[in-house]
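Peer 1: Chains as they are written, first to last, in UniProt numbering: chain A, 1 to 426; chain B, 1 to 426.
Glycine included, each C-beta is placed from N, C-alpha and C at the ideal position.
Keep in mind that this is a model prediction, so the values were computed, not measured.
Structure, rendered in structure tokens:
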């Protein structure tokens, strides 16, 4: 008995301020571990923190003196205090671009900023979440880092595992485009093609987690999901600190599973509760592609539940037809006074080109979705152009070149001045 | 007469500490302007600075309090003091990765660091040099930013011009691969295909500069070359500051025109002269692909002149057969006790995979060249593994996917555990 008491009073898992896992539905708490569903109600588990020891001014100074990556926020994340000394890709602290040209084109006068996560090590926001999952994997003694993926996540896991000295094993549909296979394979881990579609891949991964063969495996977005998901909070922290410790008035976030949007809301509320920013209203807007718009459809219809869709859009990184966090996204958009909107594939391409032409930022299709939705919401009078607005770009255009394949030469000439003049270029 | 005196005493061009242009061959000085060749001897012009007012400790503090991009070094660059307030891509301050896994594989015990310039806005070091050229273009009243290019430079110029509100006109061979055309075209400037090869493109650009049609045009790597080239100094500054204001013992730099290597040497010497780092010996090593190795060939043969070659290598971003700064590179390698070495295309691919597998960094072919040369020089006993060594990665693997196209799935299985076990993955 005495041994049991000591064991429960001395947790073997050091994940900094993370105190327990808590069910988002029923509030049931369990100790930190590689679990993701509530044993009582099957609701999703998330991290519960103990921030009680923090003084606002001391915390702000500690953050500002920290490294130029997500670990400056280690006191607010489920990671050990010495996380910055462990080998990882050190993502984050990406540029918040003051997008004055884009603001002018869209008629925004209150300040328009693009949070550009293409600056992360593997050029997508996935590096943030994988870095959290990696620390949880270390804490739980896992030796293999794994995931199912069709794109950005595969590269983020492969790269993070390589640097951290983990084995990696990534599962993808066997018939993925060759370019995406190369991007995932170059880091040298196991890359396994599954004969089936993405649903088959996911079903197989769930089976593997429940089997002895999966022992020691950390699936970043399955059994490590509560830790993984917290990484998106860093987007909220960085935006506020880069605005001078101020909440944005409006923020436009892409929706895939919806997890990122819910964690950005969580991060903003934490900063208020910790006294790091002044409490004032903010609105969160969700952005989807029309070809995979289950959440915007539900929002517009006034529904509380999200009806699954079969995705058909060029925004592959957002193409989750049955988004797990969809109902939470609806709650947040309605509670904050935001909205959820969608754009067509043609509008996505237009928005990619608009952002590139005005700010020199070449975004992935997901960035086309947020910029396109921003434009649409301004034109509809839903976004207030006189308020400070932040738009997320979560990925890199080099990974979705096909989307803008129609872009090309503006002229072809012979190598002489006569031909140059004939083309009207002088 | 009085008017003339006032005019010469009040320079209209404010480029900070840049005082004049000075010929690298004969030392002849001319005022700052869009010229690149000495009117006396046709030697290359470079920037002469007036750093006389700086106090070392004050300067160091000013730099450390500066922004997390190249403009922290504005006091040492040909840019106005308020450069950080002008619209540009704010490149630089990229990660210096402590590459412990790679060091272990290569047997380096003195510290091995990868300076990873794939973290720049358009994912190559070219953002650094283009940012300098842009400020010169502003100072000289140019309205069009231009270049000839076959790759990284085209994107860097297009993006920088878009953000700064310049017109851009980039010239490329008309038959470039579609992917590279898209990467350059997406920023919305003029992208002109020239019916001819890269030499024809360059010849045409020189013709255009001499013609009234080229008035108001800043060719970043031709008439703005003295300013442009200085951008590479920031690599030296950042490496030293990130090492804790210390010179590296050994640094491995890729060679295309050779300009980058000469400017890194210039940057390191400036830090010594300014008292920002302790004076101690450093060695600079140049890296080429065997398929375009005019400088390493001359180095090994003990020649002072560089004989042009016809390039044939996968390292396209280094494929300059007649490198303008080749003789200076030879001087520097010999003076510092370094060397110039080359690797085969197969060694480049191996090195790209080695860096990805050990550090999670996916490098362009140019990064494969520097990592491959580092390995070769260690094995040959030329690089000392007990000394602090820095290796540059100047670009991103996403831009040269073809080089590692052979990388792929490590297994293909059916979506069940039996198939998983049969594949030996358990």
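Could you pull the start and end residues of the alpha helix (DSSP H) that residue 260 of chain A belongs to?
Peer 2: Counting from 1 along the first chain, the entry for residue 260 of chain A is found at position 260. 259-273 is the span of the alpha helix (DSSP H), which, as asked, contains residue 260 of chain A.
Peer 1: Quick check on residue 6 of chain B: buried or exposed, where buried means 16 or more other Cβ atoms within 10 Å of its Cβ?
Peer 2: In the second chain, counting from the first residue as 1, residue 6 of chain B sits at position 6. Unreliable placement is indicated for residue 6 of chain B, whose pLDDT of 35 sits below 50; the coordinate value is still reported in the next sentence. Residue 6 of chain B should be labelled exposed.
Peer 1: List in chain order: all unbroken beta strand (DSSP E) runs of 3+ residues lying wholly within the segment 179-239 of chain B.
Peer 2: Listed in chain order, the complete beta strand (DSSP E) runs (minimum 3 residues) inside the segment 179-239 of chain B are 190-194, 217-219.
Peer 1: Nearest chain B C-beta to residue 65 of chain A closer than 8 Å, yes or no?
Peer 2: Position 65 of the first chain, counted from the first residue, corresponds to residue 65 of chain A. Taking Cβ atoms only, chain B never reaches closer than 8 Å to residue 65 of chain A, which makes this a no.
Peer 1: In whole angstroms, what separates the C-alpha of residue 152 of chain B from that of residue 164 of chain B?
Peer 2: Along the second chain, one-based indexing puts residue 152 of chain B at 152. Along the second chain, one-based indexing puts residue 164 of chain B at 164. When rounded, the distance between both Cα atoms is 18 Å.
Peer 1: Over the uninterrupted alpha helix (DSSP H) stretch that includes residue 376 of chain B, give me the two end residues.
Peer 2: Position 376 of the second chain holds residue 376 of chain B. 365-379 is the span of the alpha helix (DSSP H), which, as asked, contains residue 376 of chain B.
Peer 1: When you compare the CB positions of residue 326 of chain B and residue 311 of chain B, do they come within less than 8 Å of one another, or not?
Peer 2: In the second chain, counting from the first residue as 1, residue 326 of chain B sits at position 326. In the second chain, counting from the first residue as 1, residue 311 of chain B sits at position 311. Contact: no.
Peer 1: Would a check of beta-carbon distances place residue 428 of chain B closer than 8 Å to chain A?
Peer 2: The requested residue 428 of chain B is not part of the displayed model; chain B covers only 1 to 426.
Peer 1: Quick one: what does DSSP say residue 396 of chain A is sitting in, helix, strand or coil?
Peer 2: Against the first chain, residue 396 of chain A aligns to sequence position 396. Residue 396 of chain A falls in the strand class under three-state DSSP.
Peer 1: Check whether the Cβ atoms of residue 428 of chain B and residue 76 of chain B sit closer than 8 Å, and answer yes or no.
Peer 2: Outside the shown range of chain B (1 to 426) lies residue 428 of chain B, about which nothing can therefore be said.
Peer 1: Strictly under 8 Å for the Cβ-Cβ distance: is residue 90 of chain A near chain B by that measure?
Peer 2: Taking the first chain and counting its residues from 1, one reaches residue 90 of chain A at position 90. By this cut-off, residue 90 of chain A is an interface position.
Peer 1: Which residues in the same chain have their Cβ closer than 7 Å to the Cβ of residue 266 of chain B, if we skip the five residues on either side of it in sequence?
Peer 2: In the second chain, counting from the first residue as 1, residue 266 of chain B sits at position 266. If we look at residue 266 of chain B and ignore the five residues flanking it on each side, its Cβ neighbours are 233.
Peer 1: Skipping 5 residues on each side, what residues in its chain have a beta carbon closer than 6 Å to that of residue 126 of chain B?
Peer 2: The residue you call residue 126 of chain B lines up with position 126 of the second chain. The residues are 152, 153, 156.
Peer 1: Less than 8 Å between CB atoms is the rule here; does residue 181 of chain B satisfy it with respect to chain A?
Peer 2: Within the second chain, residue 181 of chain B is the residue found at index 181, counting from 1. Answer yes: the Cβ-Cβ gap between residue 181 of chain B and chain A drops below 8 Å somewhere.
Peer 1: Measure the alpha-carbon distance for residue 370 of chain B versus residue 288 of chain B and round it to whole angstroms.
Peer 2: The residue given as residue 370 of chain B occupies position 370 in the second chain. The residue given as residue 288 of chain B occupies position 288 in the second chain. Roughly 8 Å between the two C-alpha positions.
Peer 1: Mind checking residue 240 of chain A: buried by the 16 CB within 10 Å criterion, or exposed?
Peer 2: Stepping through the first chain from its first residue, residue 240 of chain A is reached at position 240. Counting Cβ neighbours within 10 Å, residue 240 of chain A comes out buried, since at least 16 surround it.
Peer 1: Skipping 5 residues on each side, what residues in its chain have a beta carbon closer than 7 Å to that of residue 20 of chain B?
Peer 2: Within the second chain, residue 20 of chain B is the residue found at index 20, counting from 1. If we look at residue 20 of chain B and ignore the five residues flanking it on each side, its Cβ neighbours are 29, 30, 31, 32, 48.
Peer 1: Ends of the beta strand (DSSP E) at residue 288 of chain B?
Peer 2: To locate residue 288 of chain B, count along the second chain from 1; it is residue 288. Per DSSP, residue 288 of chain B belongs to the beta strand (DSSP E) from 283-289.
Peer 1: For residue 63 of chain B, name the three-state secondary structure that DSSP assigns.
Peer 2: If you number the second chain from 1, residue 63 of chain B lands on position 63. Residue 63 of chain B falls in the helix class under three-state DSSP.
Peer 1: Please confirm whether residue 421 of chain B has its beta-carbon closer than 8 Å to some beta-carbon of chain A.
Peer 2: Here residue 421 of chain B corresponds to residue number 421 of the second chain, with the count starting at 1. Judged by the 8 Å Cβ criterion, residue 421 of chain B is in contact with chain A.
Peer 1: Starting from the C-beta of residue 60 of chain A, find all residues in its chain whose C-beta is less than 8 Å away, skip the five residues before and the five after it, and write them out in chain order.
Peer 2: Within the first chain, the letter at position 60 stands for residue 60 of chain A. Cβ within range, chain order: 245, 276.
Peer 1: Going along the chain, which residues of the segment 390-409 of chain A sit with their C-beta nearer than 8 Å to a C-beta in chain B?
Peer 2: Under the 8 Å Cβ criterion, the segment 390-409 of chain A contributes 396, 397, 398, 399, 401, 404, 405, 407, 408, 409.
Peer 1: Would a C-beta distance cut-off of 8 Å place residue 112 of chain B and residue 96 of chain B closer than the cut-off?
Peer 2: Counted from its first residue, the second chain places residue 112 of chain B at position 112. Counted from its first residue, the second chain places residue 96 of chain B at position 96. Their beta carbons are not under 8 Å apart, which means residue 112 of chain B does not touch residue 96 of chain B by this criterion.
Peer 1: Listed from N- to C-terminal order along the chain, which residues in the segment 16-40 of chain A have their beta-carbon within a distance smaller than 7 Å of any beta-carbon of chain B?
Peer 2: Answer set for the segment 16-40 of chain A: empty.
Peer 1: Span of the beta strand (DSSP E) holding residue 80 of chain A?
Peer 2: Locating residue 80 of chain A in the first chain gives position 80, counting from the first residue. Residue 80 of chain A -> no beta strand (DSSP E), and no H or E assigned at all.
Peer 1: Any idea what DSSP makes of residue 352 of chain B, helix, strand or coil?
Peer 2: Here residue 352 of chain B corresponds to residue number 352 of the second chain, with the count starting at 1. Of the three classes helix, strand and coil, the one that applies to residue 352 of chain B here is helix, per DSSP.
Peer 1: Using 8 Å as the threshold, is the segment 355-374 of chain A in touch with the segment 383-400 of chain A, meaning 3 or more CB pairs across them?
Peer 2: Yes, since at least three Cβ pairs between the segment 355-374 of chain A and the segment 383-400 of chain A fall closer than 8 Å, the two stretches touch.
Peer 1: Residue 100 of chain A versus chain B: which residues are under 8 Å apart at the beta carbon?
Peer 2: For the purposes of this step, residue 100 of chain A is identified with residue 100 of the first chain, where counting begins at 1. Under the 8 Å cutoff, chain B gives 87.
Peer 1: According to the neighbour-count rule (16 or more other Cβ atoms, all chains shown, within 10 Å of its Cβ), is residue 117 of chain B buried or exposed?
Peer 2: Here residue 117 of chain B refers to the residue found at position 117 of the second chain. By the 10 Å Cβ count, residue 117 of chain B comes out buried.
Peer 1: Among A:319, A:362, A:279, A:330, which residue has its Cα nearest to the Cα of residue 350 of chain A?
Peer 2: As a first step, residue 350 of chain A is located in the first chain; it is residue number 350 there, counting from the start. Checking every option, the nearest Cα to that of residue 350 of chain A belongs to A:362.
Peer 1: Kindly list, in the order they appear in chain A, the residues whose Cβ is closer than 8 Å to that of residue 187 of chain B.
Peer 2: For the purposes of this step, residue 187 of chain B is taken as the residue at position 187 of the second chain. Going along chain A in sequence order, the residues near residue 187 of chain B (Cβ under 8 Å) are 356, 357, 360, 362.
Peer 1: Can you have a look at residue 242 of chain B and say buried or exposed, based on whether 16 or more other CB atoms are within 10 angstroms of its CB?
Peer 2: Residue mapping note: residue 242 of chain B aligns to position 242 of the second chain, counting from 1. Result: buried.
Peer 1: If I follow the unbroken alpha helix (DSSP H) through residue 328 of chain A, where does it start and stop?
Peer 2: For the purposes of this step, residue 328 of chain A is taken as residue 328 along the first chain, with counting starting at 1. Per DSSP, residue 328 of chain A belongs to the alpha helix (DSSP H) from 326-336.
Peer 1: Quick one: list the residues of chain B neighbouring residue 413 of chain A, beta-carbon separation under 8 Å, in chain order.
Peer 2: Taking the first chain and counting its residues from 1, one reaches residue 413 of chain A at position 413. Here the neighbours are 192, 193, 194, 195.
Peer 1: Please classify residue 299 of chain B as buried or exposed, where buried requires at least 16 other C-beta atoms within 10 Å of its C-beta.
Peer 2: Here residue 299 of chain B refers to the residue found at position 299 when the second chain is read from its first residue. Result: buried.
Peer 1: Kindly list the residues whose CB is nearer than 6 Å to the CB of residue 107 of chain A, restricted to its own chain and excluding five residues on each side of it in sequence; keep chain order.
Peer 2: Working through the first chain from its first residue, we reach residue 107 of chain A at position 107. Cβ within range, chain order: 385.
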